Amino acid sequence: MGSAPSRRGWAASPMMWVLLGFAVFPFIPYAGRYLSLATEVVIWSLFALGFNILLGYTGLPSFGHGAFFGIGAYAAAITFLRLSPGVWGPLLAATVAAGLSAMLIGGLVARKRGIYFALITIAVSQVFYFVAFRWDEVTGGETGLSGIDRLDVGIPGLLTLKLANGLAYYYFVLAIFAVCLLLIWRIVHSPFGRVLQAIRENEVRASYLGYSTTVYKWGAFAVSGVFSGLAGGLYTLLINAAFANILDWTQSGNVVMMTLLGGGTVNFFGPILGAAIFIVSRDLLSAYWESWMLAYGMIFVLVILFIPSGILGLVGGKKQTILR
Amino acid sequence: MMELLSFAMNGLVLGLIFAVVAMGFTLILGVMQVINFTHGILFALGAYFAFSMQRYVGFWFALILAPLLVGLVGLVLERLVIHRIYGSNPLFGLLVTFGLATGLEELIRMIWGKTGYSVAAPKFAAGSVDLGFMIYSKYRLLLAALAILIILLVWLFLEKTPYGAIIRAGASDAEMVMALGKNLPRMRTFVFIIGSILAGVGGVIAAPLWSVRPTMGTAILMPAMIIVVLGGIGSFWGSVLAGLIVGLSTSISVMFWARISDIIPFVILIIVLLFRPRGLMGEKSVLEV
């Protein structure tokens, strides 16, 4: 699960490679044109990394994390339309709203385990779906909220970044992603992160060591909600809108899939690889075959059944995973 | 007042359908510890099978045949895929069945098309009947009677037959059941088939109430999950009780404030869980480790 902080010199290099890869992507001939798709990959990578604090590091099987992504998306859209049209305001609102919701829900589910935890996270996340769907005045109901333009950001008089431009927005997202990547790395390798891993390995033992495991699980839930919400806010700005289907539970399934597919349970960088493969292959599949969901479902099953430790787990020869 | 009564009756009927579907869900969850996302698909298949065969064999035969066919689908699913996930982390089973359900829903679309069909109630149950205190749809009454009959049959089977006893024992201590010489894998397959049949029968009887469409499986899954947690995982009467609560509260809230009717069951669930962490009738079980 990554290395100790003292070995960061070694570990810093894959992080550099990841960021470098993303940074040069727009200049790759042919592929570089798919900027919107690439931006989506970066955003979902952030979401999956945040989610993995909970799944991979704490071992909590949340199946309702799409809720925080969705709350972030709506918070950004509502803030843009009603409070302050801009970039930083909506993104801040997305982060705070998702963080607060995650704290609230985390308080409810932190004592639960196993099946109860999974079922209750699904149920609670559905509440937000219905709220978005029915509360027309605020969320726009079925039609959703649109017209969220990407305005310019920058330091007045010194530098302006026209985010309406796809390339500029890609690098903007990438910069935020880089900061978050570093933050999440620090979090999971901090003493706090160590306790989370101890809870994953053996919660009873961790509690006997004097850690209040409920509080730590709660914390993990909230922290992962913060990053999920920020990702949701960035997504709203990418598609210039927020729709209720963003809160659909299949989104929660998708983020779990990305995290596992890449190998998030055995490698810190797994969720990034998973998100990239997932989004690109979904895009290709849906472009060529109307009934691509059939293939998607079957591939999903095969991946979970036969490579539960994900691609990086397979490459690294690790078959053990929290799933088994 | 009359209006309230008719909403309450509709809620009761809805609750009984929910209870039948949730019973199968909780049986599979309680015995195999699998959160079965394909349960909704099996429900939808029940409705589609009945819809396709009713023209040729009539209502009663379809009522028997369609669930049996769904049971067969359940057998295939269990033998091919689901038996591999017993004893793993709950997320594992949840994800496998989630993938299966996603794929199967698309398969339903490919076979029967994207649009929904409305199913007519059988001729002998068309129209309404005067109950003395209100006039009510004959088909809904028939449906309620069928649902109650099914609930009683399942209860009799679980409580009064030796096989039911083995299943209940398997839910509390699978290893011990195996040590006593019972064929555990076969029992699990059997339980999965029973659960599938219950989902299928729910689909058959619900078909004339709602239109038959590909998403109906996903639509029933969420109430089923809420009911199972609300009633207490693995608790038979718990899921019946919770089914009725969810059905009634959804239906009655439509009358007062329709927009929140989808959320009411969740609110009830959250409040109940704050005071009774294992649901209304749940007991401490192997599921929490």
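Heads up: the sequence lines are chains U and P, in that order. Quick note on numbering that gives the first Met the number 0: the first sequence kicks off at 0 and runs consecutively. Quick note on numbering that gives the first Met the number 0: the second sequence kicks off at 0 and runs consecutively. Even for Gly, the Cβ is constructed at its ideal location relative to N, Cα and C. On a predicted model such as this, the values are computed, not experimentally measured, just so you know.
Contact annotation: U:Val302 and P:Leu99 have beta-carbon atoms that are not nearer than 9 Å. In this structure, the straight-line span from the alpha carbon of P:Ile134 to that of P:Leu3 is close to 13 Å. If you look at U:Thr142, you'll find it isn't in any alpha helix (DSSP H); DSSP assigns it neither H nor E. One thing to note: P:Thr37 has its Cβ no nearer than 9 Å to the Cβ of P:Ser238. Taking 9 Å as the CB threshold, U:Thr249 lines the interface with chain P. Against chain P, the CB of U:Ser290 has a partner CB under 9 Å away; the residue lies at that interface. Residues of chain P whose Cβ lies closer than 7 Å to the Cβ of U:Phe129 are, in chain order, Asp261 and Ile262. The Cβ of P:Thr101 sits closer than 9 Å to at least one Cβ of chain U.
Sixteen is the threshold: when 16 or more other Cβ atoms of the shown chains lie within 10 Å of the Cβ of P:Leu247, as they do, the residue is buried. Nearest CB-CB separation between U:Lys111 and chain P: below the 9 Å threshold.
In the structure shown, U:Gly165 falls within a helical segment according to DSSP collapsed to helix, strand and coil. Beyond the five residues adjoining it in sequence on each side, P:Ala168 comes within less than 6 Å, by CB distance, of Val176 in the same chain, given in chain order.
Beta-bridge partners assigned by DSSP to P:Ser127: P:Ser136.
Residues of chain U whose Cβ lies closer than 7 Å to the Cβ of P:Glu105 are, in chain order, Ser290, Met292, Leu293 and Gly296.
For U:Arg149 against U:Leu236, the beta-carbon gap comes to about 5 Å, under 8 Å, which counts as contact. Listed along chain P are Ile34, Leu90, Leu93, Leu94 and Phe97, each with a C-beta nearer than 9 Å to that of U:Phe62. U:Arg81 has a beta carbon lying at 9 Å or more from every beta carbon in chain P. Sequence-distant partners of P:Ile251 (beyond 5 residues in either direction) whose C-beta falls short of 8 Å from its own C-beta, in its chain, are Leu3, Phe6, Ala7 and Gly10. Residue environment: U:Trp87 is assigned as exposed (fewer than 16 neighbouring CB atoms within 10 Å of its CB, all protein chains considered).
In the structure shown, the three-state DSSP call for P:Ala65 is helix.
Residues are counted here when their Cβ sits less than 7 Å from a Cβ of chain U; for the segment 186 to 207 of chain P the count is zero.
Between the segment 172 to 179 of chain U and the segment 35 to 44 of chain U there are three or more inter-stretch CB-CB distances shorter than 8 Å, so the stretches are counted as touching. Three or more Cβ pairs drawn from the segment 95 to 106 of chain U and the segment 70 to 85 of chain U lie within less than 8 Å of each other, which places the two stretches in contact.
In the assembly as shown, P:Phe132 is an exposed residue. Its beta-carbon has fewer than 16 other beta-carbons within 10 Å. The Cβ atoms of U:Cys179 and U:Leu229 lie closer than 9 Å to each other. Considering only U:Val23, U:Gly218 and U:Phe226, the residue with the shortest C-alpha distance to U:Ala47 is U:Phe226. Bounds of the beta strand (DSSP E) holding U:Ile154 are Val152 to Ile154. Against U:Gly252, the close residues of chain P are Phe97, in the order they occur along the chain (beta-carbon pairs closer than 7 Å). A distance below 9 Å separates the beta carbons of P:Val118 and P:Pro207. Note on P:Pro66: 16 or more other CB atoms within 10 angstroms of its CB, so buried under the neighbour-count rule.
Within the same chain, and ignoring the five residues on either side of U:Ser61 in sequence, the residues whose Cβ sits closer than 6 Å to its Cβ are Leu53 and Thr120. Put simply, the CB of U:Gln196 is far from chain P, with every gap to its CB atoms at 9 Å or more. Counting only runs of at least 4 residues, the segment 31 to 71 of chain U fully encloses the following alpha helix (DSSP H) elements, listed from N- to C-terminal order: 34 to 51. Against chain U, a Cβ distance below 8 Å from P:Met109 picks out Ser290 and Leu293. Exposure of U:Ser12 is indicated by the presence of fewer than 16 other C-beta atoms within 10 angstroms of its C-beta.
For a Cβ distance threshold of 9 Å, nothing in chain P lies close to U:Pro28: the least Cβ distance comes to about 35 Å.
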